[in-house]
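Input: a single structure, listed below in structure tokens.
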Amino acid sequence: MSTDVLRSISPQDPTDVVTERAVASDAALADVFAGAWAAQRMWWAGGAAARAAALSAAAAALSARRSDAIELVVREVGKPLIEATGEVARSVAILNYYAQACFAATGAQLPPSAKGLLYSDRRPHGVAGLITPWNFPLAIPLWKAAPALAAGNAVVLKPSPDAMACADMLAELFAPLLPEGLFSVVHGAGPTGEAVVARADVVSFTGSAKVGAAVASAAVSRGVVVQCEMGGQNAAIVLPDADPFSTAAMIAGAAMGYAGQKCTATRRVIVVGPNDAFVEQLGEAVADLRVGDPADAATVVGPVINEPAHSKLTAAFESARNDGGKVLAGGHLLDRRGWFVEPTLVAGLSPDHELAQEETFGPLALVLHADDVAHAVEISNAVRFGLVTSVHGRDLDAVLSAVRDIDTGLIKINAPTAGVDFYAPFGGEKDSSIGQREQGTAALDFYSSTRTVTIAPHAPSS
Ligand code: NAD
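Convert by adding 656 to the 1-based position in the sequence shown; the result is the number in the working numbering.
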């Protein structure tokens, strides 16, 4: 296969080529950006009501094709049917939310220092360059594109090579509803992403920490506003008074749902005090998760995305065993077509072990132990990431002290680490995020800049 052509392959059936797309050439990218700048001027001049109507129509178009969209998400990225259904519903909701957000206030009026008017107002940056991963192939492009469009920008989206068909579906749905050139998809790998960062007026990236750091410095060196949402090594802290059954079921789902391929998945379960009943229950809950064809409504854990991800999991299982880890559930590859591994729970490794420190981005979680809440928070914080932490239990003092000292951008009490409310600010600390929060009204701020206007009465000379 030519390196100028990329293929997206179904992870449950690697003989199924979902789509094959040419890498965008430099000349094609230049044309796309020229078209985007021209479209953006019309879009912004057209006013808020026109933007709201177009985004509402986009929501309706996606909703009308939701069965196709669900089927494509299942096929292209191996997301279990139930989660793919949720992602499509959320994508429609995001479009509807930002359609209404077109009418939100764009500034504030302030007391002028003399006669006249003093106010702030927001205006779009121009063309938003969006670079996205494969794991939420509709929701992530939309939680960036919808606020960017609502704020008056054009969008050039560079999706992951593993999720090209989903991005193309959005472009196809929106084409009749938006001005030509306003929403474009360009395909390619790292170099195409770099070319987008080199041209865009505002950059939003979601993906790995390594690539995000490079994207952020390239954008900053051009003086362009940038936000990067990256990995997590998220902990669930289990207090001694947590109900062992419901807590184990919740954490098993948060760690292993969609084969652990969520930035918000639980990777470390930190058990406070001796609690064999909970650990045993967690092992059982993980072992009970249904692994299989993601198109089957009963499946919780489908395949991992591709061969490199599968190899990484194989190496992780080996490393856990070699370093004295005790496998409490799973621990094997599955002998079937597709990139399947068992959801795996390992105890007995040190919190400093590489598997505790770095993302494997698959269905692997570690059980760690802490003497008390302060110790659990110390372990939870002792990683380079800072995306989300959950705390489970009833002791309000312990919960409050954990909330105060946990250093992640999102904190969940008696709720799974995985799961995002699109209308609330979303983002992390440390190596998990760079720049402003995503989603909610924070995203409208990100995709626009404030100017301050002073209007004084004209003073005649006599
Ligand atoms: P990735 O970093 O490999 O790729 C992300 C995107 O960046 C892709 O479109 C890729 O083609 C592009 N890219 C690669 N090199 C580039 C470069 N040099 N310049 C510009 N673009 C470049 O990530 P992935 O494997 O697609 O996704 C998995 C990662 O995403 C995990 O680390 C996960 O934690 C993270 N993630 C984070 C969030 C969040 O909101 N925090 C959400 C989902 C996924």
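Every residue, glycine too, gets a C-beta built ideally from N, C-alpha and C.
Please read these numbers as outputs of a predicted model, since none were measured by experiment.
Could you give the DSSP three-state label for residue i: helix, strand or coil?
i                  : result
threonine 741      : helix
methionine 657     : Low confidence applies here, because methionine 657 scores a pLDDT of 44, under 50, leaving its location unreliable and the question unanswered by this model.
glutamine 937      : helix
glutamate 885      : strand
alanine 1071       : coil
phenylalanine 861  : strand
threonine 1097     : helix
isoleucine 907     : helix
serine 776         : strand
valine 894         : strand
serine 1046        : strand
threonine 970      : helix
serine 719         : helix
threonine 675      : strand
threonine 1016     : coil
phenylalanine 1082 : strand
serine 712         : helix
phenylalanine 901  : helix
alanine 1021       : strand
isoleucine 1111    : strand
valine 876         : helix
leucine 989        : strand
phenylalanine 1041 : strand
glycine 691        : helix
glutamine 756      : helix
glycine 702        : coil
valine 956         : coil
glycine 981        : coil
I need the straight-line Cα distance from residue i to residue j, nearest angstrom please.
i              : j                  : result
asparagine 752 : phenylalanine 1078 : 11 Å
lysine 771     : histidine 1114     : 10 Å
glutamate 743  : leucine 794        : 7 Å
tyrosine 914   : proline 767        : 53 Å
leucine 945    : glutamate 732      : 22 Å
methionine 657 : glutamate 676      : Because the pLDDT of methionine 657 is 44, which lies under 50, any placement of that residue in the model is unreliable, and the number read from its coordinates should be weighed accordingly. Cα-Cα distance, rounded: 10 Å.
serine 902     : serine 877         : 49 Å
alanine 716    : leucine 773        : 41 Å
proline 964    : phenylalanine 1017 : 11 Å
serine 1006    : alanine 821        : 41 Å
lysine 1086    : leucine 938        : 29 Å
aspartate 979  : proline 999        : 19 Å
valine 947     : threonine 862      : 27 Å
glutamine 917  : valine 942         : 15 Å
leucine 616    : valine 997         : The requested residue 616 does not occur in the structure, where the chain is confined to residues 657 to 1118.
glutamine 765  : alanine 1098       : 20 Å
methionine 825 : arginine 1040      : 36 Å
alanine 745    : alanine 720        : 11 Å
leucine 1052   : glycine 691        : 56 Å
valine 842     : alanine 976        : 40 Å
proline 896    : isoleucine 1069    : 14 Å
threonine 1110 : arginine 1050      : 53 Å
arginine 993   : glutamate 1034     : 42 Å
methionine 912 : threonine 920      : 11 Å
proline 900    : aspartate 1101     : 42 Å
proline 670    : glycine 849        : 25 Å
glycine 1042   : serine 1088        : 6 Å
Taking residue i and residue j to be in contact with their CB atoms under 8 Å, please state how far apart those CB atoms are, rounded to whole angstroms.
i               : j              : result
tyrosine 1103   : proline 780    : 7 Å
proline 817     : serine 664     : 6 Å
glutamine 889   : glutamine 1013 : 7 Å
aspartate 857   : glycine 782    : 3 Å
valine 730      : alanine 951    : 5 Å
alanine 972     : leucine 1011   : 6 Å
cysteine 758    : alanine 708    : 4 Å
valine 859      : valine 867     : Actually they do not touch by this definition, with Cβ atoms about 12 Å apart.
isoleucine 1090 : cysteine 884   : 4 Å
glycine 734     : proline 1072   : So it is not a contact: roughly 20 Å between Cβ atoms.
glycine 1065    : glycine 1096   : Rounded, the Cβ-Cβ distance is 13 Å, inconsistent with contact.
tryptophan 699  : glycine 808    : 6 Å
proline 624     : valine 1076    : The structure shown does not extend to residue 624, since the chain is modelled only from 657 through 1118, so no value can be given for it.
valine 928      : aspartate 1028 : 6 Å
glycine 763     : tyrosine 754   : Not a contact, Cβ separation roughly 18 Å.
Is residue i close to chain D? Criterion is C-beta to C-beta, closer than 7 Å.
i           : result
alanine 972 : Included in the structure is just one protein chain, with no chain D present.
> For the region 901 to 913 against the region 1019 to 1036, are there 3 or more C-beta pairs whose distance is under 8 Å?
Replying inline: Look at the beta carbons and you see the region 901 to 913 touching the region 1019 to 1036: at least three pairs across the two are nearer than 8 Å.
>> Three Cβ pairs or more, each shorter than 8 Å: is that satisfied between the region 922 to 935 and the region 720 to 729?
In response: The region 922 to 935 is not in contact with the region 720 to 729.
> Is the number of C-beta pairs between the region 782 to 799 and the region 812 to 826 that are closer than 8 Å three or more?
Replying inline: Judged by Cβ distances under 8 Å, the region 782 to 799 makes contact with the region 812 to 826, as three or more pairs qualify.
>> Does the region 1037 to 1055 come into contact with the region 879 to 896, if we say contact requires no fewer than three beta-carbon pairs (one atom in each stretch) closer than 8 Å?
In response: The region 1037 to 1055, when compared against the region 879 to 896, does touch it at the 8 Å Cβ threshold.
>> Could you tell me which whole alpha helix (DSSP H) segments of length 4 or greater appear in the region 796 to 863?
In response: Taking only runs of at least 4 residues, the alpha helix (DSSP H) segments lying wholly in the region 796 to 863 are 820 to 830 and 846 to 855.
> Would you say the region 830 to 839 touches the region 1055 to 1064, given that touching needs at least three Cβ pairs under 8 Å?
Replying inline: Segments in contact, no.
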